[in-house]
Structure formats: structure tokens, C-alpha cells
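What follows is a short report on a single structure.
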Amino acid sequence: MNRNSIYQVSARQILLLAFASALIAVGATALLYNYGKDLMAKSGSDVTLAEQAPPQGITDPSQVSDEQNSIEVYRAISPGVAFINTTSYQQDFWGDVQEGKGNGSGSVIDADGNILTNFHVIDGAQKLTVSFGGDKVYPAKVVGGDPDTDLAVIKIDPPPGMTVVPLGDSDKLVVGQKVLAIGNPFGLDRTLTTGVISGLQRPIRARNDRPIDAAIQTDASINPGNSGGPLLDKFGKMIGINSQILSPAGGSVGVGFAVPVNIAKRIVPQLIKFGEVRRPKLGASTISAAEVNNRGYRLPIENGLVIQRVEPGTTAFNAGLRGLTQAPTGGITLGDIITSIDGEKMDSLDDLYRYLDKNRSATPLRSNSIAAAKVLPLRSSCWARCRRLVRPVNSNRTSKGAADAIKGLPHCSQMTETHDFFNEGYGWQCRVCSREMELARADTSTLPLYYRQGEAESRGPLPTTQALARWTDATRRSSTCPRCGITELIDIN
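Residue numbers (the numbering used here): 4 to 496.
Printed below as a string of C-alpha cells:
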């Protein structure tokens, strides 16, 4: 749509790792990714569009002035730049249908009428029309879209003699070379702006927060409505798809980003064939070891991908990968931590996304991983003893009366009984003394049995309101729990 694309850690958590014996060293686990039966058919997703010859009508740039080169590129390419109008309909609370309109740009990429644009230009649109600077308007349909790269293909019935924008090679770019952008900023169709490549390999993110690697930064003016239009080199070949701007005020300030055309060359055949990009699937949810360590957990490794959960029946499951499990003691037993795949380090989810985007052949992949399942369950005296105090008030095992009874006690509405063990706010993160709460209003003697169970077994009854208040004051100064003697407590922010 016609819109801009602009883009506590709580107190330390303690879980002590105990090792039964030496940790099993780095081992190799064969991972087969789940593509589906026809996922990697040679006729579809293995196809990559080739670089194309420059269009006719453009003189060798070394033989003409810079001004003349800009004129020739515009004359040759602008007829193939589409002005895309979108219409969406949404019913409001009163039942009235509201109409929303947007616009963007696109590039004709073949004689069949396929037009390359941004996914966010057509996302949610129920009606699409395309024009090329004249009175003629063409209805269009969505062929396919990929929110992970912010690219999409739409299609019209091609008129005779339609101009095709040739594809270049974004791997050959250098900072400082001339670029041209053609688009429809603010509805001003087929507007030309020029500039240079200001930077390469810029990390940007799609609107679903997936990383888009190696974006092209340019100072060629890009504004709302330019989205989806081509970024061209001096030969008139498309080297990028204008996608985002960095703009505090909503207009161009000379910092724009384009998705490299080589990404489009890889995924467009899939969009045309399947309507989507079919990527390999690991079949497991992961979290970076660095993020887990930053939250205070003592992992046996600083970098890698901690497998949290393995989906049954997936290739990760069949390969024997293991996720986290909850120990009978209430702690966590680690599963596997992936450190690399095919020699590429896996330090973050972005690394995994990049790898899956690049590698599409259905062959076994070697994954180095630490088999951490031999580690004893994680333990912490403090949370084991105090966790009953911080159960969520919206637990399905508490009544309104129980919620009233613990009014004023620290709690977190996001606590859930799930296996997302590293999610802050999980039910067994306690540190009740870490928040400024009016504990004096809470009468812990009225807490239901649910909140008492596990406390009376060997550790005595719940503390009184006064004891909690003293606990709060003491730990605010020393971070020591007077009840269980743990010097570092867990925050429940």
C-alpha cells in the first residue's frame, strides 16, 4: 500500500547447571529438511532467472554525458514501469464497509504480463489495477507473494509490444556507482530520480521481521509510492526493487533500501509456479544460545541454536534431534544445541533463515551440534521454593475470589503453562521482590490451597504480608532472599 517502510533485561535469572560427567563433545547429526514431495521439482524452485541484455536505445554510457544517459534510460525503461493501484474492503463495527486505497510501483519482467513488485504493496488488496502512464487501465491478479523477502508477482493480460525491464546482477555492484529509480511517488506516475549506491550488504527486515540480506542502500530519492519500482544501473538493467526508506518525517531523506535483484531472480520462478516460496523446513523451534545466556541461564556454550521443541513426524524428529524437557524436579533438561550446518555457523535465527533461503537442494545436510541431553536438570532453590507466590491470577485454576485475595502480590499476566521455557514471565520465574508493589494490601493468609501446595511440605507456610514487605526491602538492598538464602533471584517482569 502507499505507506512508509520505516524501521529489561530483567534481573538476572539463576538456573545452575550440574553435569553428570563430561559433556558429550561436538557431534555430527545428519539433518534432512522437509521439502514436501514435489517441493524441489527441477521445473520450479531450482530455476533461477538469468541476467538479461541491456535494452535497445541506450548508448554506451562512456560515450555520452551523464545527463544524456539518464534521458536514454528513462525513455527505454519507463514504459515498463507499472503504476499499481490497490483497493481493499473492510467491515467496521457497525457493519459498514470501509474502502481503503493504496498505490505502488512494479516492473514488467516478461512478455506474459508478469509484474514484479513488493509484497507490502499488494498485501490485503481485494482489487488490483495497473496502468503505464496512459488512460488505459488493466485489471491485475496476484500470482504469488513472499512476505519474507517483501516480493510479489502480479499479472495482467499483456498488451502488444509491452516493454520488459531487463534484470541485471546485484552481485557486481560497487558503492558509488550511478543508479536510477523510476516509480510513482505520491501517485506521480513514472517519476525519475537519480543517485548513487551509498552502501551494500545492509541488513533490513521484512514486515514479518524476517531478515533481508545484502540490501542496497541508495540516496536516489525514494518516497511512498516508489515501493516495488525498479532501481536501475546506467545500462537500464534492474539491480534492485525499491522497498524501504529510513524517514523520521515520512518523506525521503536520502536513505533508501532496495531488495537485490538476485534475490528476486531466485524466488520469482517459485512465485509463478507455486504462488509462494517453498523453503526447507527444519521442523523444530529454536532460540539463540546467546539470548538464553543473556537471560541468566547457564548454558554449556555461548553461541548456537538451542532446540526448544521438535515437531513430531518432521525430519528433525526423524533425525533424532531433541528439544527441552521438563524434569520431575521442576527443572529443565537440555536437548541439542546446533552450532553449524554445512560449515556455516548458526549463532542466531537469522543465520538459520539465511541458510534456508540459500540452500534449496533436497540433499542431506550435516549439522554439528552439542548433545546436551546428558546435562542434569537445571535447578534453583529460590524458584523451586517460591514459585507458588507468582502464579498468574488468570490461571484457570484460580477463582475471582482467589484473584482478589492475592491482589497486590507480584504476578505476570503473560505467564503460561507451556514449554516455551525461556519466555520471560513463565510461571516459575519468581523474584517477588523485584517489583515495586503495594504488598501491604495483600493478605497471604487468604491465599487458596493451590498457592500453598508445595510450600508446607518442608519449607513451612507462606510468609505473612509483613514478611513479604521485609523481604522486598531487604532484597531491594542486597538482592538476597531472607527466606531461602539465594543471593540472586529471578525477575518476573
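Backbone N, C-alpha and C fix where the C-beta goes; we use that ideal spot for every residue, glycine too.
Between the stretch 70-77 and the stretch 205-218, the count of Cβ pairs shorter than 8 Å is below three; the stretches do not touch. Straight-line spacing of the CA atoms in P150 and H123 works out to 8 Å. For the pair I219 and S288, the CB atoms are not nearer than the 8 Å cut-off. The alpha-carbon separation between L337 and T152 amounts to approximately 33 Å. Rounded to whole angstroms, the gap between the alpha carbons of G202 and I266 is 17 Å. Here DSSP, grouped into helix, strand and coil, assigns K181 to strand. Straight through space, the alpha carbons of M165 and N245 are spaced by roughly 22 Å. In the DSSP assignment, P272 falls within the alpha helix (DSSP H) that extends over V264 to F277. Per DSSP, F122 lies in no beta strand (DSSP E) segment; the continuous alpha helix (DSSP H) that holds it begins and ends at F122 to I125.
In the structure shown, the three-state DSSP call for V111 is strand.
Contact annotation: G232 and I185 have beta-carbon atoms nearer than 8 Å.
Here the C-alpha atom of V182 lies approximately 23 Å from the C-alpha atom of V156. Closest in alpha carbon position to S224, among L170, S134, F238 and N187, is N187. Residue pairing by DSSP places S291 opposite L308 in a beta bridge. Counting C-beta atoms within 10 angstroms of its own C-beta, Y77 has 16 or more neighbours from the protein chains shown and is therefore classed as buried. According to the DSSP secondary-structure assignment, L195 is paired through a beta bridge with I185.
Secondary structure note for V76: its alpha helix (DSSP H) is the uninterrupted segment D69 to I80. With contact defined as three or more Cβ pairs closer than 8 Å, the stretch 131-143 and the stretch 257-266 are not in contact.
Excluding its 5 nearest sequence neighbours in each direction, G243 has C-beta neighbours in its own chain below 7 Å: S173, I219, L234, A261, V262, P263 and V264, listed in chain order.
When secondary structure is reduced to three states using DSSP, S230 falls in the coil class, being assigned neither helix nor strand. When the five nearest sequence neighbours on each side are left out, the beta carbons in the same chain lying within less than 6 Å of the beta carbon of Q129 are those of S91 and Y92, in order along the chain. Pairing G171 with M241 gives a Cβ-Cβ distance under 8 Å. When DSSP states are grouped into helix, strand and coil, P163 belongs to the coil group.
In the structure shown, A322 adopts coil according to DSSP, grouped into three states.
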